[in-house]
Every structure is written in structure tokens, then in C-alpha cells.
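These protein sequence lines map, in sequence, to chains E and R.
Under the numbering used here, think of the first position of the first sequence as 70, with each following residue one higher.
Under the numbering used here, think of the first position of the second sequence as 70, with each following residue one higher.
Backbone N, C-alpha and C define an ideal beta-carbon position, used for all residues, glycine too.
First comes the structure, then the notes that go with it.
Number of protein chains: 2
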Amino acid sequence: MATTIDDVARAAGVSTSTVSYVLSGKRPISAPTRQRVERAIRELGYRPHAGARALASSRTNVLALMAPLRVDVNVSVIMQFVTGVVTAARTFDHDVLLLTADEIAGMERVANGSMVDALVMMDIEADDPRVPVLAGLSQPAVLIGLPRDPEGLSCVDLDFEAAGHLAARHLARLGHRQIALLGSPQAVLDRHTSYAERMIRGFTRGTSDAGVTGVVEPCESSMAGAVDAVDRVLAALPDVTGLVVHNEVALPWVLATLRERGRHVPDDVSVVAVCPPDVAVGQALPLTNVDIPAHAIGRVAVEMAMARVERSEPAETRLLAPMLVERASTVAPVR
Amino acid sequence: MATTIDDVARAAGVSTSTVSYVLSGKRPISAPTRQRVERAIRELGYRPHAGARALASSRTNVLALMAPLRVDVNVSVIMQFVTGVVTAARTFDHDVLLLTADEIAGMERVANGSMVDALVMMDIEADDPRVPVLAGLSQPAVLIGLPRDPEGLSCVDLDFEAAGHLAARHLARLGHRQIALLGSPQAVLDRHTSYAERMIRGFTRGTSDAGVTGVVEPCESSMAGAVDAVDRVLAALPDVTGLVVHNEVALPWVLATLRERGRHVPDDVSVVAVCPPDVAVGQALPLTNVDIPAHAIGRVAVEMAMARVERSEPAETRLLAPMLVERASTVAPVR
DNA sequence: GGGAAGCGTCGAAGCGCTTCGCCAGCGTAG
DNA sequence: CTACGCTGGCGAAGCGCTTCGACGCTTCCC
Numbered sequence: 070m071a072t073t074i075d076d077v078a079r080a081a082g083v084s085t086s087t088v089s090y091v092l093s094g095k096r097p098i099s100a101p102t103r104q105r106v107e108r109a110i111r112e113l114g115y116r117p118h119a120g121a122r123a124l125a126s127s128r129t130n131v132l133a134l135m136a137p138l139r140v141d142v143n144v145s146v147i148m149q150f151v152t153g154v155v156t157a158a159r160t161f162d163h164d165v166l167l168l169t170a171d172e173i174a175g176m177e178r179v180a181n182g183s184m185v186d187a188l189v190m191m192d193i194e195a196d197d198p199r200v201p202v203l204a205g206l207s208q209p210a211v212l213i214g215l216p217r218d219p220e221g222l223s224c225v226d227l228d229f230e231a232a233g234h235l236a237a238r239h240l241a242r243l244g245h246r247q248i249a250l251l252g253s254p255q256a257v258l259d260r261h262t263s264y265a266e267r268m269i270r271g272f273t274r275g276t277s278d279a280g281v282t283g284v285v286e287p288c289e290s291s292m293a294g295a296v297d298a299v300d301r302v303l304a305a306l307p308d309v310t311g312l313v314v315h316n317e318v319a320l321p322w323v324l325a326t327l328r329e330r331g332r333h334v335p336d337d338v339s340v341v342a343v344c345p346p347d348v349a350v351g352q353a354l355p356l357t358n359v360d361i362p363a364h365a366i367g368r369v370a371v372e373m374a375m376a377r378v379e380r381s382e383p384a385e386t387r388l389l390a391p392m393l394v395e396r397a398s399t400v401a402p403v404r
Numbered sequence: 070m071a072t073t074i075d076d077v078a079r080a081a082g083v084s085t086s087t088v089s090y091v092l093s094g095k096r097p098i099s100a101p102t103r104q105r106v107e108r109a110i111r112e113l114g115y116r117p118h119a120g121a122r123a124l125a126s127s128r129t130n131v132l133a134l135m136a137p138l139r140v141d142v143n144v145s146v147i148m149q150f151v152t153g154v155v156t157a158a159r160t161f162d163h164d165v166l167l168l169t170a171d172e173i174a175g176m177e178r179v180a181n182g183s184m185v186d187a188l189v190m191m192d193i194e195a196d197d198p199r200v201p202v203l204a205g206l207s208q209p210a211v212l213i214g215l216p217r218d219p220e221g222l223s224c225v226d227l228d229f230e231a232a233g234h235l236a237a238r239h240l241a242r243l244g245h246r247q248i249a250l251l252g253s254p255q256a257v258l259d260r261h262t263s264y265a266e267r268m269i270r271g272f273t274r275g276t277s278d279a280g281v282t283g284v285v286e287p288c289e290s291s292m293a294g295a296v297d298a299v300d301r302v303l304a305a306l307p308d309v310t311g312l313v314v315h316n317e318v319a320l321p322w323v324l325a326t327l328r329e330r331g332r333h334v335p336d337d338v339s340v341v342a343v344c345p346p347d348v349a350v351g352q353a354l355p356l357t358n359v360d361i362p363a364h365a366i367g368r369v370a371v372e373m374a375m376a377r378v379e380r381s382e383p384a385e386t387r388l389l390a391p392m393l394v395e396r397a398s399t400v401a402p403v404r
């Protein structure tokens, strides 16, 4: 267990630097030598000491992931981001350090303590307090979400504006003239979490482009909140026939409330859910949905981070195009 | 940013070792000197380099957390474990490295690479392939869950057997004579995940102790699975008046199915949920529940890990006593 | 045939920190 | 007045790895 690079070198009859170069590939090593070294490594079960490596190379092969884990965010989507980041990190031979609470202090600790090569931050708000801190760090960071001014920052997210537009257009093209968006909880909007605002913007633009009536209602992530939001929509738009739901937690309750209010899906009202596919197909009726490709976003975030670490590539913002999958919950309105 | 301990020493007019001792407290330093050093640290914004520290002290101040993130496990409970572990780790000045996929290779990598001081492993199965690997590692590990033979291992979990017993007893004492347990998905049982089996054992013992009829049905974590499981229970026990549900994902669908089958909760059937309180109160009706104190279990796991790291304490198994909170979903059966 | 250019390998100098042994200076006791 | 023990601080030796310059050798080209 306590084998060092020197043990390997001795066993292979070479110098320590040769072993190091076999490991890193940074200088050419002849095939026979390389094989001897590799054999010694295998036989001794050697693993380089991460700390020593970090000290000498100033690379840790660790990524920090700052996940909010707030109560009103959807846990399963968060989880998908996390797994996306972790699996992608592994393909770059990196591990993931998880930061949840105490984020500002945490990022300074792991960055200034040289524990990580880069940071990935989730759940970015318009004026996120973490963003200004980044300037003082020597490691690159990638934001999942968009701050108010993304200039000079690496950002990645679903193009929620396009998603809102797409959902609205889909309903309008089916012939719906009165449609509504059930969105994020008020608390999320109050934080100016950008995806919620972009979603609303896209939806609104979609309705006006199509010349249909659209209303937007926030929706708490609880049963009571869902009931309330549905009732508000029905009050504002009694003849509503299309609904876009951008709140996975509330989704089942929204559907239940519609049923209770005597609105059948899809005969009376078509529903587009903005959520991962497993949530969409797991409901009573398979729902037409606009995917939130959390796993892919996580992967892209890591790729961007590694590009900056390994090749000093400049920061850029990437918005992933939304995709709508039609299922049983959206049909043309019955006249 | 690139300030080192030598910079601090120079600024404070002391030697590097003195700075180190101020930081670690391992030797007494006179008050005036200490204050000079602390001031220099503050003014320079100094942070020790984690890698260098790990190399010299062979302590990394990092904990590995192996979270499964399988599809059929409940994500929100997992999340609570994770946050429990992360916050507890911080109180011991440790960070958390998250391992999800590829677990065996991952544990060997982080352990043999000296990346972590200890491992915390979730979702332990009876014959978990990770357990034998532990013997070859030089770091201690704590298991959340119980393997078949916990001898010599650090384990912590809710006492699910007591939980099953408690839930059954609660219903029996209210006067219910025919009760059922809707448990984990078949896949979880097939893995011999111990909590599921212990739950069933406790429930069964509870029913026979109380002299009431009990049946156990596994329950998939999907709407179809919930409907199916409820129907199986109603078929097996047409006069069932008490239900224990140990599957948070299926819980809402179970309640919906009961309603659809014309069984009113709690008038026709009392329901005890085994889940965190927020899930229990978030349903249509606030449910009587046996808590799964995921956060507390995570904290205890970290405490046990640190006890072994810092004070070489021996391994032990700790089962947390279950607690039942009575809410609106359980009443005496109407005669 | 001779100099330049590669190639494969080695040696040694750190990277920033901890820790052990040591020593100077002091107070106290014999 | 010397001897001794304490206290507070210092110096230096690593911890295990990477990386740079150097070296001896072969190959190539004019």
C-alpha cells in the first residue's frame, strides 16, 4: 500500500523520473522500458500519492461542484446535474468535491487551498453573490445558469427562453388560443433565478408571436400551491385549453387538480411539461414534454471547465437547444 | 494568492515551524507571537496548500462519500443523507469527495491514492461487493446500512426492524386487525438491501405479536406499480383497514389509488408512511409517519468515521431508534 | 566525415508543509 | 553560585512527486 514511485523505479531498474514520464506520457519512453515500468506498477499495485502529485504539479485532478440543495428546487433534476458532472469528470480523470452549504466560504477554501482545478456552480441567480468572488480565484469556473451579466464567464444552460417559446408555439400550432404557463415558485422568481425569468420571456414571446392569449402564474412546489395556481389560471382564463407546467414537484398535483376541476387531459386541456422524460412518462398519462437535459448540461459544464484548465480556452456561454417530445397529453382542441 | 507559510513566517518575524504550530496548536506558542502570526495570516490572506499538507501530515481532511444514485432508490432521502454527511463533515473541518458510479474502482482509487481520510458508503446490500474491498484499504469506512455480517465494521442505520414493528403495533393498538405493508420495489429486495428485509421482519413480528393479520407486498416506484400493489393488497386482504407504506416515491400514487378504489383515508383505511416528515405532511392529508432521519444518520456516520480517524476508536454498529409521529391518517377503525 | 539534431534516460532541485530534535534563556532549588 | 528543568522558538529533514537541464548515443544531411 505504501509503495512509492521509487519502489516502482527500483523494481523496474529505472530512475524515478522515467517512471513519472511513463505515467504522464510527457516524454517519449521506449517500449521495452515502458513495459518494464508498467509491469512493476501492476505488480506492486502502485498508486501515485494525490497530495504529492498536486504539490509538485499544481494540478489536483479534482473539481468542485457547488450544488445548492435548497428545499424549493427539484431534487431529482439536481441529482441528474450532479451525476452528469461526476461521470463527465471521471472521463477527464477527475474526482468531484461536493460543496453545499456555506458556499462563498467553501469556494474560497477549496480554491485558495489548491484543492481543486476548477469549480462548477449550479443554480445561478441574476445577481449571484458567488460570481464576484470568482474574480479573486486562480481557478476557472463554469456556471450552470446565467447571471445578469455573463460577460467573460463560462456559462451553460438549457435555452429556457427557446424552451418557453417552443412550448407555447407547440400549443398554438395545435390550435389552442388560450394558454397558460404554470411556472416556478415565487421564491425562485424573487431570487431572480434566471431560468425562470427566461422561461417566462420565451413563453410570452411565443404567445404574442402566435397571436394567442397567454397568462403566467407562479406555482409553489406543494399540493396547496398547485391547487391554488391551477385555480388562479382557471379564474384568469376560464376557457384555457393549453397548459405549460414548469415545476416538476407540482406537476402531479396540477394534473390531479385539473381532474378534480373537471378538466380532462388532453380532451379539455393539453399539457406540456418542462421536465426530464422520466418524470413526463411517469405520470398517469404520458406527457408531452420539453426536456431538461440535466445530465447533458452537467457534462458540458465539465467539458468547458476542462477546456479552460487544460488548454486555457477562453470563457464562453453555451445554451443548449430545447427539444419537445410529443406524447399523449397534447392534442388539437375539440371545437 | 500564492502566499506560502514562509511568507507568513517572514511577515511575522518567526520561523515557519512556529507558524505551523500556531495553525495546528500542537505545541504551545506564547500569546504575543501567536497574535503576530495570526495577524500576518489574516493580512496576507494565507491558506495552507492542501496537497502539501496532505503530503507532510498524511491527513487530507477529505472524506469520500459513496452514494449509489440508482434509479429505484428515493432521491430526496438520498439527498438528505448527502447533506447530513456534508454538513457534519464540515464541523470536523473536512470536505466531501463524491463517488457515484464505478464504486469499487473509485474507492480503491481515492483510498490508495491517499485522497481521503475515511469512506462513508451508502445503500449497503447484504452481500455488498464493496465490503470485502474495505479490508485492503488503510482508511476506515462507515457503512450506512447493514451487510449480512457487520462484525468488525462501522455501521449506522435506522433500526428498520424496530420501525416495522412500531408501525404495525401502532395500527394494531388502534384496533386494526388486518394490516398490510407496501414495501420496497422487488429490485431492492432482490439486491437484499438490508433495510427492506429488516422492515419486513419487524412488521411481521409486529403483526404476530399483536395477533393481527398482516400481509407484505413489494411495490414498484411508479404509478403503475403503486396501483398494482394496492390492488394486490386489496385482493389478498379485502377487509384491510391499515396500511404501512415504505416507499416515498409510490406514496402519492398509493393514496390516489386508494381513493379511486373507494377507500377513504383515514375513515376506511389508516395509513402509516415510513418517510421523512416533509414528505408525510406534503400529501393531501398529513400522514402519520415513522421518520427516516436521513440527516441524522449522515451526521452519525461522519462522527463515527472521525472517531476512528482521530482517536482510532474501534468499529461499532449503531441503530437509531425509530420515532412515530401521529397525524391525521391513522384512526381507530369504524366498526 | 563531421556537425547538427533527435532520442531515451537520468539526476537533482524543488513544490509547501509537518514534525522531531535541539537550544537559548529563564526561574528555581540545592 | 551552579545545576536543572521548563518554556518558547528555531532549523532541517523529509513527505512523494514532477520537471528541467544535461548527457550519451544514434541518425541524418550536406
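Legend entry - E/E329, buried or exposed, once every other Cβ within 10 Å from all chains shown has been counted against 16: If you number the first sequence from 1, residue 329 of chain E lands on position 260. Exposed, since its Cβ has fewer than 16 Cβ neighbours within 10 Å.
Inset, instruction - For my contact list, R/V185 and R/Q208 are in at a C-beta cut-off of 8 angstroms; report their separation, rounded to the angstrom. - result: On the second sequence, position 116 is the one that residue 185 of chain R refers to. On the second sequence, position 139 is the one that residue 208 of chain R refers to. Distance from R/V185 to R/Q208 at the Cβ level is roughly 6 angstroms; contact confirmed, criterion being Cβ atoms closer than 8 angstroms.
Inset, instruction - Pick helix, strand or coil for E/D278, following the three-state DSSP scheme. - result: Here residue 278 of chain E refers to the residue found at position 209 of the first sequence. Looking at E/D278 - three-state DSSP - the assignment turns out to be helix.
Inset, instruction - Look at the Cβ atom of R/V155, then the Cβ atom of E/T169, and state whether they are nearer than 7 angstroms. - result: As a position in the second sequence, residue 155 of chain R is number 86, starting the count at 1. As a position in the first sequence, residue 169 of chain E is number 100, starting the count at 1. Going by C-beta atoms, R/V155 is nearer than 7 angstroms to E/T169.
Legend entry - C-alpha distance - E/A319 paired with E/S253, whole-angstrom precision: As a working note, residue 319 of chain E is residue 250 in the first sequence. As a working note, residue 253 of chain E is residue 184 in the first sequence. Each residue's alpha carbon lies about 9 angstroms from the other.
Inset, instruction - Could you check the C-alpha separation between E/V165 and R/V400 for me, to the nearest Å? - result: Reading the first sequence from its first residue, position 96 is the one you call residue 165 of chain E. Reading the second sequence from its first residue, position 331 is the one you call residue 400 of chain R. Cα-Cα distance, rounded: 48 angstroms.
Inset, instruction - Kindly indicate which three-state DSSP category E/V403 falls into: helix, strand or coil? - result: Here residue 403 of chain E is taken as the residue at index 334 of the first sequence, counted from 1. When secondary structure is reduced to three states using DSSP, E/V403 falls in the coil class, being assigned neither helix nor strand.
Inset, instruction - From the DSSP output, read off the bridge partner residues of R/R387. - result: The residue labelled residue 387 of chain R in the question sits at position 318 within the second sequence. By DSSP's assignment, R/R387 forms a beta bridge with R/V225.
Inset, instruction - Alpha carbon to alpha carbon, how far is E/A279 from E/A241? Give it in angstroms, no decimals. - result: If you number the first sequence from 1, residue 241 of chain E lands on position 172. If you number the first sequence from 1, residue 279 of chain E lands on position 210. Computed Cα separation, rounded: 6 angstroms.
Inset, instruction - With a threshold of 16 other CB atoms inside 10 Å of the CB of R/I248, please say whether the residue is buried or exposed. - result: As a first step, residue 248 of chain R is located in the second sequence; it is residue number 179 there, counting from the start. Residue environment for R/I248: buried (at least 16 other C-beta atoms within 10 angstroms of its C-beta).
Inset, instruction - Grab me the residues of E/F315's own chain with a C-beta within less than 6 angstroms of its C-beta, minus the 5 sequence neighbours each way, in chain order. - result: Residue 315 of chain E sits at position 246 when you count from the first residue of the first sequence. It should be pointed out that residue 315 of chain E corresponds to His in this sequence rather than to Phe. Spatial neighbours of E/H315 in its own chain (CB-CB distance under 6 angstroms, excluding positions within 5 residues in sequence) are listed in chain order as G252, M268 and V343.
Inset, instruction - Out of R/G214, R/R332 and R/S86, state which residue places its alpha-carbon closest to the alpha-carbon of R/A265. - result: Indexing the second sequence from 1 puts residue 265 of chain R at position 196. Each of R/G214, R/R332 and R/S86 was checked against the Cα of R/A265, and the nearest Cα belongs to R/G214.
Inset, instruction - Please say whether E/A365 and E/S263 have beta carbons closer to each other than 7 angstroms? - result: Translated into positions along the first sequence, residue 263 of chain E becomes position 194. Translated into positions along the first sequence, residue 365 of chain E becomes position 296. Taking a C-beta distance under 7 angstroms as the contact criterion, E/S263 and E/A365 do not qualify as a contact pair.
Legend entry - Endpoints, the alpha helix (DSSP H) within which E/L124 is located: In the first sequence, counting from the first residue as 1, residue 124 of chain E sits at position 55. For E/L124, the uninterrupted alpha helix (DSSP H) run begins and ends at A119 to S126, by DSSP.
Legend entry - 6 angstroms CB neighbourhood of E/M375 in its chain, flanking five on each side removed: For this step, residue 375 of chain E is matched to residue 306 along the first sequence. Non-local C-beta neighbours of E/M375 in its own chain, meaning closer than 6 angstroms and more than five positions away in sequence, comprise F161, ordered along the chain.
Legend entry - Exposure of R/T201, with buried meaning 16 or more beta-carbon neighbours within 10 Å: Stepping through the second sequence from its first residue, residue 201 of chain R is reached at position 132. What sits at residue 201 of chain R in the sequence shown is Pro, not Thr. Counting of Cβ neighbours within 10 angstroms places R/P201 among the exposed residues, the total staying below 16.
Inset, instruction - Give, in chain order, every residue of the stretch 312-340 of chain R whose Cβ lies closer than 8 angstroms to some Cβ of chain E. - result: Per Cβ criterion, the list reads P321 and A325.
Inset, instruction - Output yes if chain E places a C-beta closer than 7 angstroms to the C-beta of R/G182; else output no. - result: By one-based count along the second sequence, residue 182 of chain R stands at place 113. Yes, contact with chain E.
Inset, instruction - Compute the Euclidean distance between the alpha carbons of E/L124 and E/A210, then round it to the nearest angstrom. - result: Working through the first sequence from its first residue, we reach residue 124 of chain E at position 55. Working through the first sequence from its first residue, we reach residue 210 of chain E at position 141. So the alpha carbons of these two residues sit roughly 21 angstroms apart.
Inset, instruction - Quick one: residues in its chain with C-beta nearer than 8 angstroms to the C-beta of E/P216, no 5 flanking neighbours on either side, listed in chain order? - result: On the first sequence, residue 216 of chain E is found 147 positions in, with the first residue counted as 1. Here E/P216 has I193, E194, A195, D196, D197, V200, L222, C224 and S263 as same chain residues with Cβ atoms under 8 angstroms from its own Cβ, once five neighbours each way along the sequence are excluded.
Inset, instruction - Take the Cβ of R/A304 as the centre, count every other Cβ of all protein chains shown within 10 Å, and call the residue buried at 16 or more, exposed below. - result: The residue you call residue 304 of chain R lines up with position 235 of the second sequence. The C-beta of R/A304 has fewer than 16 other C-beta atoms within 10 Å across all chains shown, which makes the residue exposed.
Legend entry - the stretch 141-156 of chain E: positions lying closer than 7 angstroms to chain R by Cβ: Listed by position, the residues of the stretch 141-156 of chain E near chain R (Cβ gap below 7 angstroms) are V144, S145, M148, T152, V155 and T156.
Legend entry - Rounded straight-line distance, which links the Cα of E/R387 to that of R/A178: Position 109 of the second sequence holds residue 178 of chain R. Position 318 of the first sequence holds residue 387 of chain E. Going by the sequence as given, residue 178 of chain R is Arg instead of Ala. Straight across, the Cα-Cα distance linking R/R178 with E/R387 is about 33 angstroms.
Inset, instruction - Kindly indicate if chain R contains any beta-carbon less than 7 angstroms away from that of E/D164. - result: The count along the first sequence starts at 1 and reaches residue 164 of chain E at position 95. So yes, E/D164 belongs to the interface.
Legend entry - Contact with chain R by E/A123, beta-carbon distance below 7 angstroms: Here residue 123 of chain E refers to the residue found at position 54 of the first sequence. Taking a beta-carbon distance threshold of 7 angstroms, E/A123 counts as an interface residue toward chain R.
Inset, instruction - Quick one: residues in its chain with C-beta nearer than 8 angstroms to the C-beta of E/V302, no 5 flanking neighbours on either side, listed in chain order? - result: Here the question's residue 302 of chain E lines up with position 233 in the first sequence. Cβ neighbours of E/V302 beyond the five flanking positions: A249, L251, V284, E286, V309 and L312.
Legend entry - Complete runs of the beta strand (DSSP E) confined to the stretch 315-386 of chain E [at least 3 residues]: Taking only runs of at least 3 residues, the beta strand (DSSP E) segments lying wholly in the stretch 315-386 of chain E are 339-343 and 357-359.
Legend entry - Nearest-angstrom Cβ-Cβ length linking R/P321 and E/P321, presumed shorter than 8 angstroms: Counting from 1 along the second sequence, the entry for residue 321 of chain R is found at position 252. Counting from 1 along the first sequence, the entry for residue 321 of chain E is found at position 252. The pair is a contact, with the Cβ atoms about 6 angstroms apart (cut-off 8 angstroms).
Legend entry - Best match in R/L393, R/V369, R/N181 and R/L92 for proximity to E/L113 [C-alpha to C-alpha]: By 1-based counting over the first sequence, the position of residue 113 of chain E is 44. Distances from the CA of E/L113 to each of R/L393, R/V369, R/N181 and R/L92 were compared; the closest alpha carbon is that of R/N181.
Legend entry - E/I193, DSSP secondary structure in three states: Locating residue 193 of chain E in the first sequence gives position 124, counting from the first residue. Coil, per DSSP.
Inset, instruction - Measure from the alpha carbon of E/A389 to the alpha carbon of each residue in E/L227, E/V341 and E/G294, then state which is nearest. - result: For this step, residue 389 of chain E is matched to residue 320 along the first sequence. Before going on, a small fix: residue 389 of chain E reads as Leu here, not Ala. When C-alpha distances from E/L389 are compared across E/L227, E/V341 and E/G294, the shortest belongs to E/L227.
Legend entry - With 16 other Cβ atoms within 10 Å as the buried cut-off, status of R/P101: Taking the second sequence and counting its residues from 1, the one referred to as residue 101 of chain R is at position 32. Looking at its Cβ environment, which holds fewer than 16 other Cβ atoms inside 10 Å, R/P101 is exposed.
Inset, instruction - State the DSSP-derived secondary structure class of R/Q247, mapped to helix, strand or coil. - result: Taking the second sequence and counting its residues from 1, one reaches residue 247 of chain R at position 178. Residue state, collapsed to three classes: strand.
Legend entry - Contacts of E/M292 in chain R (Cβ-Cβ under 8 angstroms): Here the question's residue 292 of chain E lines up with position 223 in the first sequence. Neighbours of E/M292 on chain R, chain order: G351, Q352 and A353.
Inset, instruction - Please work out which residues of its chain come closer than 8 angstroms, Cβ to Cβ, to E/L243, disregarding the five sequence neighbours upstream and downstream, and give them in chain order. - result: The residue labelled residue 243 of chain E in the question sits at position 174 within the first sequence. Closer than 8 angstroms at Cβ, skipping near neighbours: G311, S339, T399, V400, A401 and P402.
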